[in-house]
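K.L.:
Each residue of the sequence shown is one higher than the last, beginning at 255 in my numbering.
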Amino acid sequence: MRALISGGTAPLALALLLLAAPASGQDAAAAPPAAPQIGDKDCLDCHEGSGGDPVEVTPAHLAKSVHADFGCLDCHADITELPHADDLPAVDCGLCHDEVSSVYTRHGLGKVGVSPGVPSCSDCHGTHDIRAVAEKGSPVNPLNLPKTCARCHEDNKFTEAQGIRFKHPVNVYTNSVHGRAALGGIYSAATCNDCHSTDGSAHKILPPGDVNSAINHFNIAKTCGKCHQYIAQDYHEGIHGQLTERGQVESPICTTCHGEHNILPTADPRSPVSANRLAEATCSPCHESAMLNDKYELPTGRLQSFQDSYHGLKSKAGDATVANCASCHGAHRILPAADSTSTIHPANLQHTCGGCHPSITAEIAATPIHQDTTGLHTGVAGIVRVIYLVLITVVIGGMALHWLVDLAHQIRKVMAKRQVRRMDGDEVVQHFVLALSFTVLVISGFSLRFYEAWWSRWLFSWEGGSGFRGDLHRIAGVVLLLASVWHLFFLITRRGRIFLREMWPCAQDLRDFFGMMAYNLGRSQKHPLFGRFSYVEKAEYWALVWGTIVMGATGLLLWFDNLFVNWLPKGFLDVMLVIHYYEAWLAFLAILIWHMYSTVFSPKVYPMNPSWLTGFMPEEQFKAEHPLALAASNAEEAAIIAEREAGERGPAI
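Set out below in structure tokens:
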């Protein structure tokens, strides 16, 4: 241009400029006037004191914000005229915070701007009153962050819609050691961001399945190590940390033992790593796993051997000072015995045991600990154990034999006395079938509920024992029902009708009950006189009738539940299960306390009433218990004898 002007063309250029000037002036005169600039006061005219419609904004809100020097249009740049549209585009914080915006692309499994439910900037930081993180009023201040996260993660409808299965993580966290410390004002206590942030960014929260996530299985130790550096170092040096670094997903990590959100102090008895719970709640789930023991060729039965030891028994009794797994193996730097630096290496055992037993010798410290039996396991101790087992068998067996001989003698004495018929042969068999089926039902039924009890394991822990138990229970139930039908047919016979008439409750039974209570309490000197059946026998007989009906009906419903569920609601069968269980307790305890006392353990009867075996009972005992029925019984017995003798002589010719 400079060259053109300096040449002969300068007059031409000047002419062109003069010609262009009027046109430019005309264009300027024709342009529309500029729109008036929208100021913050214009916005406050509507938004201040609005009561929430539209969104209320006050100068006080803005004054406390980190954006106090910003104008409204700095963020709401899309507003060009007033009044503006009701639905405004979302504020794009990335215009200023481009680095954060480039990082915040995901939140858990959700993608920002794509997936529903992903929090926006304002959901966490607020809107017009955004505070600096260090301010206590900021919703993302470490002390307030759990409440901020809880707005979504404690909303059951939201978590269900997002497929989040963990319910109430924030409530759980607030009761943890970290939550309590944070609520106590300790700024350095771990909050949500400290554990869930990836690469130190609170805007990069990834799901645990992501290999880069701070809470991925293989990154947990590193995440916890940000605060617990020395513990993390011990963990990485231990066998568990080594396995984790090799990619073994079964290897325990920090959260495997301590939990996730509900991490409690080790002194808290509810903690899985507390002294009394460590063995059962923390170590045994892995070390008692058949799959893991087979895969890594680890010895089995470690928990049982510990529980049976002195240490285990003391721990189970509540002693928190006695040795547990961590006392010997360490808590985080756990190494195999073959490692020379392991606390259980043979060369280190004396030092390890010496922590509790300062005067222990190397020989005693080398004694095997985890064995199949309890006590010390040296050769001499094993011999002494065998001697005691033989001694116990001989001594206690001899005592039991002596007791049985004496019991047999007492029974013979009872049987040698003059007898009175109490039951005929058919009734004896009925009672035997009833007693046998009832006993089998009690044992096989309660074995299902108390399957971990020693007697249940002893009876049914063998392979196939569980199925056998169920079959046995159902067979015994059928036998009991058949015995009940048998008894119904008995009741329509002549003797059965007499039995039912004498067993029927009456007003005299109530008078006898109060009379017996007065006699036993020393308020009366008169013992009530009973007939063939007292109120005691009547009560247990009708209780048996009731119990058989209830147990039989509920048992059949539960046995054929797949059939009945087509006609009955599920809740009905649940009620039947409850009735069946507690009715079983009622029947068992009634027999144990009421029936067994009156027929065995009462001093007037002991060692037993033999009528359940022979149908007869001593006349002396019968006279004392049933004086009103003695004469009738003698007459009945005489008639039976006469009938038998007549049958033996044959018909008269």
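Think of the CB as a built atom: it goes at the ideal place given N, C-alpha and C, for glycine as much as any other residue.
1) Do you know whose CA, among Gln502, Leu567, Leu552, Leu546, lies nearest Ala533's CA?
2) Relative to the C-alpha of Pro590, which candidate in Glu491, Ala529, Trp657, Arg524 has its C-alpha closest?
3) How would you call Asn816, buried or exposed, if buried means at least 16 neighbouring beta carbons within 10 angstroms?
4) Grouping DSSP H, G and I as helix and E and B as strand, with all else coil, what is Ser467?
5) DSSP three-state call for Ala436: helix, strand or coil?
6) Quick check for students: name the residue ranges of the alpha helix (DSSP H) that lie wholly in the stretch 561-641, counting only runs of 4 or more.
7) Alpha carbon to alpha carbon, how far is Ala415 from Ser701? Give it in angstroms, no decimals.
8) Within 10 angstroms of its Cβ, does Tyr642 collect 16 or more other Cβ (buried), or is it exposed?
9) When you compare each of Leu783, Ala841, Val424 to Leu882 by their alpha carbons, which one comes out closest?
10) Classify Lys671 as helix, strand or coil using the three-state DSSP reduction.
11) So, are the CB atoms of Asn530 and Pro523 less than 8 Å apart?
12) Can you grab the Cα-Cα spacing for the pair Ile418 / Ser563, in whole Å?
13) Based on DSSP bridge pairs, tell me the residues matched to Arg360.
14) Please classify Phe784: does DSSP put it in a helix, a strand, or coil?
15) Helix or strand or just coil, what does DSSP make of Phe686?
16) Once DSSP output is grouped into helix, strand and coil, what is the label at Thr334?
17) Once the 5 residues before and after His685 are set aside, which same chain residues still bring their CB inside 6 Å of it?
18) Decide yes or no for the touch test of the stretch 726-739 against the stretch 760-769: beta carbon pairs closer than 8 Å, at least 3 of them.
19) Assign Glu947 to one of two classes, buried (16 or more other C-beta atoms within 10 Å of its C-beta) or exposed (fewer than that).
20) Per DSSP, Phe870 forms a beta bridge with which residues?
21) Just verifying my parser: in three-state terms, what is the DSSP assignment at Ala458?
22) Relative to the alpha-carbon of Gly927, which residue among Asp464, Thr359, Asp828, Glu335 has its alpha-carbon at the smallest distance?
23) Using only alpha-carbon positions, find the residue among Pro861, Pro872, Met805 that is nearest to Arg676.
24) Indicate whether the contact test is met: 3 or more Cβ pairs, each with one atom in the stretch 613-623 and one in the stretch 596-605, closer than 8 Å.
25) What is the DSSP secondary structure of Thr452, counted as helix, strand or coil?
26) Which of helix, strand or coil does DSSP assign to Asn410?
27) So the alpha helix (DSSP H) Ala314 belongs to, where does it begin and stop?
28) Using CA coordinates, which residue listed in Phe826, Ala841, Val366 is at the minimum distance from Trp796?
29) Let's see if you can read the secondary structure: which residues bound the alpha helix (DSSP H) around Gln291?
30) Alpha carbon to alpha carbon, how far is Met757 from Arg765?
31) Sorted by chain position, which residues of the same chain lie with C-beta nearer than 7 Å to Val527's C-beta, five sequence neighbours on each side aside?
32) Which same chain residues, not among the five before or five after Ala908, have their C-beta less than 7 Å away from its C-beta?
33) Under 7 Å Cβ to Cβ from Cys582, same chain only, skipping five residues before and after it: list those, please.
34) Run the CB neighbour count on Ile507, radius 10 Å, all protein chains shown included, and call it buried at 16 or more, exposed below.
35) Note down, in chain order, each residue of its chain lying with its Cβ closer than 8 Å to the Cβ of Val634, except the 5 sequence neighbours on either side.
36) Enumerate in chain order the residues of its own chain whose CB-to-CB distance from Leu812 is below 8 Å, with the five nearest sequence positions on each side excluded.
P.N.:
Walking through what the data contain:
1) Working through the sequence shown from its first residue, we reach residue 533 at position 279. Among Gln502, Leu567, Leu552, Leu546, the Cα nearest to that of Ala533 is on Leu567.
2) Along the sequence shown, read from residue 1 onward, the residue named residue 590 stands at position 336. Among Glu491, Ala529, Trp657, Arg524, the Cα nearest to that of Pro590 belongs to Glu491.
3) Along the sequence shown, read from residue 1 onward, the residue named residue 816 stands at position 562. Classification for Asn816: exposed.
4) Along the sequence shown, one-based indexing puts residue 467 at 213. Coil at Ser467, not helix or strand.
5) Residue numbering aside, residue 436 sits at position 182 when the sequence shown is read from its first letter. The answer is helix: DSSP assigns Ala436 an H, G or I state.
6) 564-570, 579-583, 603-608, 616-619
7) On the sequence shown, residue 701 is found 447 positions in, with the first residue counted as 1. On the sequence shown, residue 415 is found 161 positions in, with the first residue counted as 1. Roughly 42 Å separates the two Cα atoms.
8) Start at 1 with the first residue of the sequence shown, and residue 642 comes out as number 388. By the neighbour-count rule (16 or more Cβ atoms within 10 Å), Tyr642 is not buried but exposed.
9) Sequence index remark: in the sequence shown, residue 882 carries index 628 (1-based). Out of Leu783, Ala841, Val424, Leu783 has the C-alpha closest to the C-alpha of Leu882.
10) Residue mapping note: residue 671 aligns to position 417 of the sequence shown, counting from 1. Residue state, collapsed to three classes: coil.
11) By 1-based counting over the sequence shown, the position of residue 530 is 276. By 1-based counting over the sequence shown, the position of residue 523 is 269. Contact flag set, yes.
12) Locating residue 418 in the sequence shown gives position 164, counting from the first residue. Locating residue 563 in the sequence shown gives position 309, counting from the first residue. In a straight line, the C-alpha of Ile418 is about 43 Å away from that of Ser563.
13) To locate residue 360, count along the sequence shown from 1; it is residue 106. Note: Arg360 sits in a beta bridge opposite Lys365.
14) Numbered from its first residue, the sequence shown carries residue 784 at position 530. In this structure, Phe784 counts as coil in the three-state DSSP scheme.
15) Mapped onto the sequence shown, residue 686 falls at position 432. Here Phe686 sits in helix by DSSP.
16) Indexing the sequence shown from 1 puts residue 334 at position 80. In this structure, Thr334 counts as coil in the three-state DSSP scheme.
17) On the sequence shown, position 431 is the one that residue 685 refers to. Taken in chain order, the residues that qualify are Trp866.
18) no
19) Limits of the chain in this structure are 255 at one end and 907 at the other, which puts residue 947 out of reach.
20) Within the sequence shown, numbered from 1, the residue matching residue 870 stands at position 616. According to DSSP, Phe870 bridges with Arg675.
21) As a first step, residue 458 is located in the sequence shown; it is residue number 204 there, counting from the start. Reading off the sequence shown, one finds Lys at residue 458, where the question assumed Ala. Lys458 falls in the strand class under three-state DSSP.
22) The structure shown does not extend to residue 927, since the chain is modelled only from 255 through 907, so no value can be given for it.
23) For the purposes of this step, residue 676 is taken as the residue at position 422 of the sequence shown. Looking at the Cα atoms, Pro872 is the closest of the given residues.
24) yes
25) Taking the sequence shown and counting its residues from 1, the one referred to as residue 452 is at position 198. Three-state result, Thr452: strand.
26) On the sequence shown, residue 410 is found 156 positions in, with the first residue counted as 1. Asn410 falls in the helix class under three-state DSSP.
27) Residue mapping note: residue 314 aligns to position 60 of the sequence shown, counting from 1. Counting along the chain, the alpha helix (DSSP H) containing Ala314 begins and ends at 313-318.
28) On the sequence shown, position 542 is the one that residue 796 refers to. Cα-wise, what sits closest to Trp796 is Ala841.
29) The residue you call residue 291 lines up with position 37 of the sequence shown. No alpha helix (DSSP H) holds Gln291; DSSP gives it neither H nor E.
30) Along the sequence shown, one-based indexing puts residue 757 at 503. Along the sequence shown, one-based indexing puts residue 765 at 511. Taking the straight line joining both Cα atoms gives about 16 Å.
31) On the sequence shown, position 273 is the one that residue 527 refers to. Cβ within range, chain order: Cys511, His512, Thr520, Thr536.
32) Because residue 908 is not part of the residues shown, which for the chain are 255 to 907, the question remains open.
33) Residue numbering aside, residue 582 sits at position 328 when the sequence shown is read from its first letter. Only Thr597, Ile598, Thr606 meet the Cβ criterion.
34) On the sequence shown, position 253 is the one that residue 507 refers to. Buried, by the Cβ-count rule.
35) Locating residue 634 in the sequence shown gives position 380, counting from the first residue. Once the five neighbours on either side are set aside, Val634 has no close Cβ partner at all.
36) Translated into positions along the sequence shown, residue 812 becomes position 558. So the list reads Leu827, Met830, Leu831, His834, once near-sequence residues are dropped.
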